[in-house]
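Trainee: Before anything else, here's the structure in question.
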Amino acid sequence: MTAPRPAEPLSEDLSRLAALHGVAPSYSPSPDRTVETSATAVTLVLAALGVDASTPGAVRAALAARERELAARLLPPTVVAWGANPPAALAALPEGTRLRVETEQGETRASAGQLPPGVHRLTATAPDGRTAHAHLIVAPERLPAASGRSYGLLVQLYSLLSSRSWGMGDLGDLAELAGWAGRSLGAGFVQVNPLHAAVPGAPTDPSPYRPSSRRFPDPVHLRIEDVPEAAHVEDPDRLRALLERAARLREAVLHKGALIDRDAVWELKREALELLCDVPLGPGRRAAYCDFLAEQGQALEDHATWCALAEVHGSDWHRWPTGLRDPRSADTARARNGLMDRVDFFSRLAWLTDTQLTAAQRVAREAGMPVGIVHDLAVGVHPAGADAWAQQDHFAAGMSVGAPPDAFNARGQDWGLPPWRPDRLADSGYAPFRELLRALFRYAGALRIDHVMGLFRLWWVPQGHPPTEGTYVRYDAEAMLAVLVLEASRAGALVIGEDLGTVEPGVREALRERGVLGTSVLWFERDWEGDGRPLPAESWRADCLATATTHDLPSTAARLTGEHVELRDSLGLLTRPLAEERAEAAADTAEWLSLLSELGLLHGTGGGTDTSSEEAEIQAVHRFLLRTPARMVGVWLPDGVGDRRPQNLPGTWDQYPNWRLPIADAEGRPVTLEELAASPRLRALMEVLGEAGP
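Under the working numbering, the letters of the sequence shown match residues 1030 to 1723, in that order.
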């Protein structure tokens, strides 16, 4: 491995300029080590923020301009008030400053206290005549706590095939799973992967964490037969032929060892949806569709326009004719008018998907689930996709989100996702973030936020540079949290932050203060500041979702048997000798199993005395999770049938079939939703959780 180039030292002026724009001059890969960021990285990141730091003279001029701007500024572009408390930013205003607040509800107030929740417009006029306008976010002080404890299932929806699926799991399957789990298992929630719209391609990127749009869901998840217009197509024989082709796709995955082929599924569903969208909507359906168009407004028009243009010019808008790269150009307006039928088609697909997502949540709640469907918000979007095109003024050009080098990855990471510009977010009152959350909370009982630390800071990597040559850029975490708490409270939804890995001091505390739950995974919960042994159950935090594994980690069966080490070895991913990796994994597992046995949690399955069985050990792991005070306990659905394979193996691309595997049993045989519902092994595991009550 090539050693990273030594960082060019930052001048004092450049370091001060960076700090004034929220750009970190250094970072700490471990508590006892600080690394200075390179001057090149800082200069390029500042350029992406519209600040010229290319020469010492430019740095001095930019520094002086920024200091003058901050000194003269009455208010930042966005201020926050929690509950009935006035915004802290008002304390710095000159005495005698007059205030006017135009509320979201249409009122005008002369004070910033006792305001209703919402995003209001604040005007401050100082005695010397200076005037400032700011967005005022008023949010509840914290999210409502979860009502009691709940347990539920975690699943990657595409992997959950039923006897009706078209080659991958769909929203009909999600509703069936939720209805069954709520009524028969007493489950309180079902958590799924991001269902955001993907960037079409050949092949499409299968990762749900690199979407075209986070704002709109992907119609590939639609259950075609559940669309009312399916009963009225003009050519039913053609629809039946598509159903037969879909059955062959399903059978290939379930019985012939084929991988999930999202592109093949979408090809069939798109053809079917063309038939369905030729059917005129009835008056009631037409009115509902028109309401959806009005509610979603410009954002939906932009998304549907991108989809229509991508059919003609390809899915990377950077390669489109110059005039079409701007969503507000006259060329784009003309192209949209010429493609209005396709724009309407993609708008209608967004509506149909929204209705089925809403229906799945309704089924979950009617089945007795206190939470229902937990949706997942990816950390960013694909640079070539619809959101990056429509919101390009809010994204930092030439930058990508990633992670710095650390003890686990000396090279750092580049995720290929353009970051939002914190200055543009603040100037807009966080409008893109607000609209995104509002869209997701339409059908979510809770929202999981991937890499929730991104509300505080993100590692920006300049294009063409390795991740080692990036730097952290800070966001206004108070404003981001206020928007999150405001929108989640309006929806009556919970929020779960994925806060695994390296987390800077104060982040978990800030999230907990606002009622955002964390994520705790059993194998990582050790007394790292003490003896390093497994953390006692009573020492776990209460404000979290506790699980045994996630989609990026080995299944519990694989970890217990050590098969995850063998898999990584077969793919050349180990960084140490195989024997050393095996020994460490075995020692880790043995230590946990010893604790489970000491606590009396390791029972024989089916009332037997064999406590050494894999099934008994998996049950014991979940009994331990129930001993913790965690408000939510999640079961990785594949663990219920002994699946060995991770859904995603970080560090691989084409070496492993990431995001394309159906749920399978211990022998690797795909298991349908119907078989899962009838599985004695899964039911026994869920009965373990039911023993603790709700």
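Glycine included, C-beta positions come from ideal geometry on N, C-alpha and C.
When DSSP labels each residue in this structure, what does Leu-1111 get in the three-state scheme?
Mentor: As a first step, residue 1111 must be located in the sequence shown, where it is residue number 82. At residue 1111 the sequence reads Trp, which differs from the Leu that was named. DSSP places Trp-1111 in the strand class (E or B) of the three-state scheme.
Trainee: Which whole-angstrom value is the C-beta distance of Pro-1448 and Gln-1420, which I expect to be below 8 Å?
Mentor: Residue numbering aside, residue 1448 sits at position 419 when the sequence shown is read from its first letter. Residue numbering aside, residue 1420 sits at position 391 when the sequence shown is read from its first letter. Contact doesn't hold; Cβ gap of about 12 Å is too wide.
Trainee: Is DSSP giving Glu-1538 helix, strand or coil here?
Mentor: For this step, residue 1538 is matched to residue 509 along the sequence shown. In this structure, Glu-1538 counts as helix in the three-state DSSP scheme.
Trainee: Considering Cα atoms alone, identify which of Leu-1206, Val-1219, Asp-1292, Cys-1306 is closest to Ile-1253.
Mentor: The sequence position of residue 1253 within the sequence shown is 224, counting from 1. It is Cys-1306.
Trainee: Check whether the region 1429-1444 and the region 1351-1361 are in contact - that is, three or more C-beta pairs closer than 8 Å.
Mentor: no
Trainee: Are Glu-1170 and Gly-1147 closer than 7 Å when you measure CB to CB?
Mentor: Position 141 of the sequence shown, counted from the first residue, corresponds to residue 1170. Position 118 of the sequence shown, counted from the first residue, corresponds to residue 1147. No.
Trainee: Apply the 10 Å Cβ neighbour rule to Thr-1701 and answer buried if 16 or more other Cβ atoms are within range, or exposed otherwise.
Mentor: The residue labelled residue 1701 in the question sits at position 672 within the sequence shown. It counts as buried.
Trainee: If we call anything under 7 Å between Cβ atoms a contact, is Pro-1235 one with Arg-1555?
Mentor: Looking up residue 1235 in the sequence shown gives position 206. Looking up residue 1555 in the sequence shown gives position 526. No.
Trainee: Per DSSP, Gly-1427 is paired with what?
Mentor: Counting from one through the sequence shown, the residue named residue 1427 turns up at place 398. None; Gly-1427 has no bridge partner.
Trainee: If you follow the beta strand (DSSP E) that Arg-972 is part of, which residue opens it and which one closes it?
Mentor: Here the chain covers residues 1030 to 1723 and nothing more, so residue 972 does not appear.
Trainee: Excluding the 5 residues preceding and the 5 following Trp-1488 in the sequence, name in chain order all residues of the same chain whose CB lies nearer than 6 Å to its CB.
Mentor: By 1-based counting over the sequence shown, the position of residue 1488 is 459. Closer than 6 Å at Cβ, skipping near neighbours: Gly-1431, Ala-1432, Pro-1433, Gly-1499, Tyr-1501.
Trainee: Residues in its own chain within less than 7 Å of Gly-1680 by CB, not counting five upstream and five downstream?
Mentor: Walking along the sequence shown from the start, residue 1680 turns up at place 651. Contacts found: Leu-1602.
Trainee: Which value, in whole angstroms, describes the spacing of the CA atoms of Val-1167 and Ala-1161?
Mentor: To locate residue 1167, count along the sequence shown from 1; it is residue 138. To locate residue 1161, count along the sequence shown from 1; it is residue 132. Their backbone Cα atoms lie some 18 Å apart in a straight line.
Trainee: What distance in whole Å lies between the Cβ atoms of Leu-1600 and Tyr-1685, which are believed to be in contact at a cut-off of 8 Å?
Mentor: Taking the sequence shown and counting its residues from 1, the one referred to as residue 1685 is at position 656. Taking the sequence shown and counting its residues from 1, the one referred to as residue 1600 is at position 571. About 6 Å; that satisfies the 8 Å criterion.
Trainee: Near Pro-1229, which residues of its chain fall below 7 Å by C-beta distance, leaving aside the five closest residues on each side in sequence?
Mentor: Position 200 of the sequence shown, counted from the start, is the residue given in the question as residue 1229. Here the set comprises Ala-1339, Ser-1344.
Trainee: DSSP three-state label for Glu-1136, please.
Mentor: Mapped onto the sequence shown, residue 1136 falls at position 107. Glu-1136 falls in the coil class under three-state DSSP.
Trainee: Report the option in Ser-1140, Ala-1070, His-1050, Ala-1388 whose CA atom is closest to the CA atom of Glu-1096.
Mentor: Position 67 of the sequence shown, counting from 1, holds the residue named residue 1096. Of Ser-1140, Ala-1070, His-1050, Ala-1388, the residue nearest in Cα terms is His-1050.
Trainee: With distances taken between CB atoms, is the gap from Leu-1596 to Ala-1577 smaller than 7 Å?
Mentor: Walking along the sequence shown from the start, residue 1596 turns up at place 567. Walking along the sequence shown from the start, residue 1577 turns up at place 548. Cβ distance not < 7 Å, so Leu-1596 and Ala-1577 don't count as in contact.
Trainee: Starting from Glu-1065 and walking both ways along the beta strand (DSSP E), at which residues does that stretch end?
Mentor: Within the sequence shown, the letter at position 36 stands for residue 1065. Here the beta strand (DSSP E) through Glu-1065 covers 1062-1065.
Trainee: Apart from the five residues on each side of it in sequence, which residues of its chain come closer than 7 Å, Cβ to Cβ, to Gly-1112?
Mentor: The residue given as residue 1112 occupies position 83 in the sequence shown. Excluding residues within five positions, the ones whose Cβ falls inside 7 Å are Pro-1169, Glu-1170.
Trainee: Evaluate the contact criterion for the region 1387-1405 versus the region 1211-1219: three or more CB pairs, one atom per stretch, below 8 Å.
Mentor: yes
Trainee: So, for Gly-1198: in the same chain, excluding its five sequence neighbours on each side, which residues have a beta-carbon less than 7 Å away from its beta-carbon?
Mentor: For this step, residue 1198 is matched to residue 169 along the sequence shown. Correct list, in chain order: Leu-1186, Tyr-1187, Ser-1188, Leu-1189, Leu-1190.
Trainee: What would DSSP say about Ser-1179, mapped onto helix, strand or coil?
Mentor: Taking the first residue of the sequence shown as 1, we reach residue 1179 at position 150. Correct three-state label for Ser-1179: strand.
Trainee: If you follow the beta strand (DSSP E) that Pro-1058 is in, where does it begin and where does it stop?
Mentor: Locating residue 1058 in the sequence shown gives position 29, counting from the first residue. Looking at the DSSP string, the run of the beta strand (DSSP E) that includes Pro-1058 is 1055-1059.
Trainee: Determine, for Arg-1274, whether the minimum Cβ-Cβ distance to residues of chain B falls below 7 Å.
Mentor: Although the question refers to chain B, the structure presented lacks it and comprises just one protein chain.
Trainee: Let me know if Cys-1319 comes out buried or exposed under the rule of 16 or more other beta-carbons within 10 Å of its beta-carbon.
Mentor: Numbered from its first residue, the sequence shown carries residue 1319 at position 290. Flag for Cys-1319 reads exposed.
Trainee: Using C-beta distances below 7 Å, list every residue in its chain close to Leu-1119, excluding the 5 sequence neighbours before and after it, in chain order.
Mentor: Working through the sequence shown from its first residue, we reach residue 1119 at position 90. So the qualifying residues of the chain are Ala-1141.
Trainee: Classify Leu-1705: buried if its beta carbon has 16 or more other beta carbons within 10 angstroms, exposed otherwise.
Mentor: On the sequence shown, residue 1705 is found 676 positions in, with the first residue counted as 1. Result: buried.
Trainee: Less than 8 Å between the CB atoms is what I'm expecting for Ala-1275 and Trp-1195, so what's the real figure, rounded?
Mentor: Locating residue 1275 in the sequence shown gives position 246, where the first residue counts as 1. Locating residue 1195 in the sequence shown gives position 166, where the first residue counts as 1. Right, the Cβ-Cβ distance comes to about 4 Å (below 8 Å), so this counts as a contact.
Trainee: If you reduce the DSSP assignment to three classes, tell me which class Ala-1032 lands in.
Mentor: In the sequence shown, residue 1032 corresponds to position 3, counting from 1. Per-residue confidence for Ala-1032 stands at a pLDDT of 43, beneath the threshold of 50, marking its modelled position as unreliable; the derived number appears in the next sentence. Three-state DSSP puts Ala-1032 in coil, outside helix and strand.
Trainee: Under a three-way DSSP split, which group does Trp-1346 fall into?
Mentor: On the sequence shown, position 317 is the one that residue 1346 refers to. Trp-1346: helix per DSSP, three-state reduction.
Trainee: Could you tell me if Asn-1366 is buried or exposed, where buried requires 16 or more neighbouring beta carbons within 10 angstroms of its beta carbon?
Mentor: As a first step, residue 1366 must be located in the sequence shown, where it is residue number 337. Exposed.
Trainee: Give me the residue from Asp-1668, Ile-1402, Val-1717, Thr-1233 with the minimum Cα distance to Arg-1471.
Mentor: Residue numbering aside, residue 1471 sits at position 442 when the sequence shown is read from its first letter. The residue from Asp-1668, Ile-1402, Val-1717, Thr-1233 with its alpha-carbon nearest to that of Arg-1471 is Ile-1402.
Trainee: Using the three-state DSSP reduction, which class does Met-1398 fall into: helix, strand or coil?
Mentor: Taking the sequence shown and counting its residues from 1, one reaches residue 1398 at position 369. If DSSP states are grouped into helix, strand and coil, Met-1398 belongs with coil.
Trainee: Under a three-way DSSP split, which group does Thr-1500 fall into?
Mentor: The sequence position of residue 1500 within the sequence shown is 471, counting from 1. Strand, per DSSP.
Trainee: Does the region 1533-1549 touch the region 1618-1626, meaning 3 or more C-beta pairs lie closer than 8 Å?
Mentor: no
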